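Working notes for the structure below.
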Amino acid sequence: MQPIRNNILVKPFPPDEVSEGGIFVPESARQESNKMLVIATGNGSRERKMPFKKGDVVYRVKSWGEPIDIHGERHYIMDQNAIIAKE
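All residue numbers for the sequence shown refer to the working numbering, where the first residue is -14 and numbers rise by one.
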């Protein structure tokens, strides 16, 4: 899947199995991470250049993005403005 314009396709990292305090978190209680891997990007526009590239690790605004399944795995497609930080 290839996003267009200022959209990006991202895949969430797996949720943590152990809390920061060292407690095991059961699978039913794990929350999806907002830390994402950029899978593909659009080309941007004249007004807004695309600052991200494939392979970047980014953080999104909590719960933003349109969920889509690719080969049975959850991904999100969203506007580049939904990204708040980059590693």
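The beta carbon of each residue, even a glycine, is placed where N, CA and C say it ideally should be. Predicted, not measured: the structure shown is a model, and the values here were computed from it.
Item                                                                                                                                        : Value
Suppose contacts are defined by Cβ-Cβ distances below 9 Å. Is K(-4) in contact with R59 by that definition?                                 : yes
First and last residue of the beta strand (DSSP E) that includes A134?                                                                      : Residue 134 is absent from the model: the chain starts at -14 and stops at 72.
Could you spell out the range, first to last residue, of the beta strand (DSSP E) harbouring W31?                                           : Sequence inspection shows Arg at residue 31; the Trp mentioned does not correspond to that position. Segment: none, R31 is in no beta strand (DSSP E) and carries neither H nor E.
Just confirm the distance between the C-beta atoms of I(-7) and M63, as a whole number of angstroms; I'd bet it's less than 8 Å.            : 6 Å
Which residues does DSSP list as the beta-bridge partners of N77?                                                                           : Here the chain has residues from -14 to 72 only, and residue 77 is not among them.
Please confirm whether P(-12) and T26 have their CB atoms less than 9 Å apart.                                                              : yes
Less than 8 Å between C-beta atoms, sequence neighbours within five positions excluded: which residues of the same chain meet that for V23? : I(-7), L(-6), V(-5), F37, K38, K39, G40, D41, V42, V43
Going by DSSP, which residues form a beta bridge with N(-8)?                                                                                : D64
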